[in-house]
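Notes follow once the structure below has been shown.
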Ligand SMILES: NC(=O)N[C@@H](CC(=O)O)C(=O)O
Ligand SMILES: [Zn+2]
Ligand SMILES: [Zn+2]
């Protein structure tokens, strides 16, 4: 592999532009006249993004996304590592499936694909899956989640936390008290009432987060809360962290910007789980991400087929694309508002997620000797979202037609360019 020279780049968007040499996949000292050159033109250099929450749909729904197409979307979005959720068909609840996902990810080679293992067999919430076997498999699973479903039974959740502690892993919970969300279609509030949609109360999320924080504290295990969507959850997290709970949390880009005001068109592109909430929630989530109560941004990239989205609201599947729009939405909601600087973006999109998942080669400082997992961002470039042009097979983006600021100029995985100027580097 040829050395790579990133010319005129600004690490963390700070100081004067510098030249950065990469040799053998590692950030090196000096310069090299034989190196392949990327002209930075003063672009912002960050550690490659890490997504703790991606749905790649392989195996089972390769009509909507594959490990290959999802990897392309990830590289174009500036990601160097993604965690592929277990709600595939068959479910990733055993070593065979997680090893397949990991192997396929390596073959594609555009982003590190880390399979998430299911907590319970078939995501059914009844019987613990073989967490130890998945952890010890070649896939080296360190994040377990029944995402799409809540690990509802408190005894099973407690056991899962105990096992994951012994394995040095983390349980990522989709916090949704199922008895409070039977038939739920939208955030329980004024809009849902007016539109005649069955409500999904904030308490369904908050009550599970509170319970799990108490369980995690008692067991002294690591808990991660998926897609936080309410003010109340942020309050619970603050309380739990203050009493020393090993809890971390993520917020999705869409929950940082969209509200249930969008639902008046009944367009299912806006249907997602947990549902879009209120402007007060959006504001609270932004503050919580800025002050560290919420640790990181995770996309919950959820591709769906046309027939599962272009249908009546109640029949549509929940979920939205996220990998290629995450940066733009974070810029819009957190950078332009002054809530985060570029160091803050590196923290919430790379360093924290890597730390939560226990990755030692991602989210690292931009310094000599460190692995060259990097993303170069043109902070002023604008582009318009077009679902059909995104790398995913599915096109269900809620940001269709929106102009976003901040474009990924290049993504570098262990010194190899995976995406350049909006195209996959073949
Ligand atoms: N977020 C969603 O609305 N859908 C996800 C499942 C999930 O994250 O709960 C999916 O798999 O489609
Ligand atoms: Zn979920
Ligand atoms: Zn999800």
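In the working numbering, the protein residues as written are 1448 to 1873. All residues carry an ideal CB built from backbone N, CA and C; glycine is no exception. Keep in mind it's a predicted model, so treat the numbers as computed, not measured.
Item, Value
"What are the complete alpha helix (DSSP H) segments, minimum 4 residues, inside the region 1726-1807?", "1726-1738, 1753-1756, 1773-1777, 1789-1793 and 1799-1804"
"Take residue 1703 and list the residues in its own chain whose beta-carbon comes closer than 8 Å to its own, dropping the five residues that flank it on each side.", "1729, 1732, 1733, 1736, 1744, 1776, 1777, 1780 and 1781"
"Between the C-alpha atoms of residue 1638 and residue 1671, what's the straight-line distance to the nearest angstrom?", "30 Å"
"For residue 1620, which beta-bridge partners are listed by DSSP?", "1672"
"Quick check: residue 1693 and residue 1657, are their CB atoms within less than 9 Å of each other?", "no"
"Tell me which residue opens and which closes the beta strand (DSSP E) that residue 1488 is part of.", "1483-1494"
"State the Cα-Cα distance for the pair residue 1866 and residue 1762, rounded to the nearest angstrom.", "36 Å"
"Please confirm whether residue 1485 and residue 1451 have their CB atoms less than 9 Å apart.", "yes"
"Spell out the partners DSSP gives residue 1454 in its beta bridges.", "1486"
"Could you compute how far the alpha carbon of residue 1567 sits from the alpha carbon of residue 1492?", "40 Å"
"With DSSP as the reference, label residue 1853 as helix, strand or coil.", "strand"
"Could you give the DSSP three-state label for residue 1641: helix, strand or coil?", "helix"
"Can you check which of these residues, 1695, 1652, 1827 and 1792, is closest to residue 1853 by C-alpha distance?", "1827"
"Along the chain, where does the alpha helix (DSSP H) containing residue 1610 start, and where does it finish?", "1601-1614"
"Closer than 6 Å is what we want: which residues have a beta carbon that near any heavy atom of ligand 2? List them in chain order.", "1594, 1595, 1621, 1673, 1674 and 1720"
"Would you kindly work out how many angstroms separate the C-alpha atoms of residue 1558 and residue 1604, rounded to a whole number?", "31 Å"
"Based on Cα-Cα distance, which residue from 1554, 1544, 1549 and 1556 lies nearest to residue 1565?", "1544"
"Name the residue from 1709, 1705, 1713 and 1655 whose alpha carbon lies nearest to the alpha carbon of residue 1687.", "1655"
"Hey, out of 1800, 1691, 1610 and 1661, whose CA is closest to residue 1528's CA?", "1800"
"Counting only the same chain and skipping the five closest in sequence on each side, list residues whose C-beta sits under 8 Å from that of residue 1684.", "1656, 1660, 1672, 1675, 1694, 1696, 1735, 1740 and 1741"
"Hey, out of 1496, 1720, 1807 and 1821, whose CA is closest to residue 1635's CA?", "1720"
"With hydrogens ignored, establish whether the beta-carbon of residue 1569 is closer than 8 Å to any heavy atom of ligand 1.", "no"
"Below 8 Å, how does it come out for the region 1762-1774 and the region 1462-1474: are there three or more Cβ pairs, yes or no?", "no"
"List the whole-angstrom C-beta distance separating residue 1586 from residue 1549, where the pair is believed to meet the contact cut-off of C-beta under 8 Å.", "4 Å"
"Taking the beta carbon of residue 1797 as the centre, do at least 16 other beta carbons fall within 10 Å, making it buried, or is it exposed?", "buried"
"Output the boundary residues of the alpha helix (DSSP H) element that contains residue 1662.", "1649-1666"
"Taking C-beta to C-beta, are residue 1746 and residue 1723 nearer than 9 Å?", "no"
"Distance check for residue 1806 and residue 1589, CA to CA, integer angstroms please.", "9 Å"
"Does the distance between the C-beta of residue 1849 and the nearest non-hydrogen atom of ligand 3 fall short of 8 Å?", "no"
"Does the distance from the C-beta atom of residue 1804 to that of residue 1629 stay below 9 Å?", "no"
"In whole angstroms, what is the alpha-carbon distance linking residue 1878 and residue 1868?", "The structure shown does not extend to residue 1878, since the chain is modelled only from 1448 to 1873, so the question has no answer here."
"How is residue 1514 classed by DSSP in three states: helix, strand or coil?", "helix"
"Which runs of the beta strand (DSSP E) fall wholly inside the region 1512-1594 and span at least 3 residues, in chain order?", "1526-1531, 1559-1562 and 1590-1592"
"What does a CB cutoff of less than 6 Å around residue 1774 pick up in its chain, not counting 5 residues either side in sequence?", "1525 and 1853"
"Under 8 Å from any heavy atom of ligand 3, does the C-beta of residue 1766 make it?", "yes"
"Classify residue 1597: buried if its beta carbon has 16 or more other beta carbons within 10 angstroms, exposed otherwise.", "buried"
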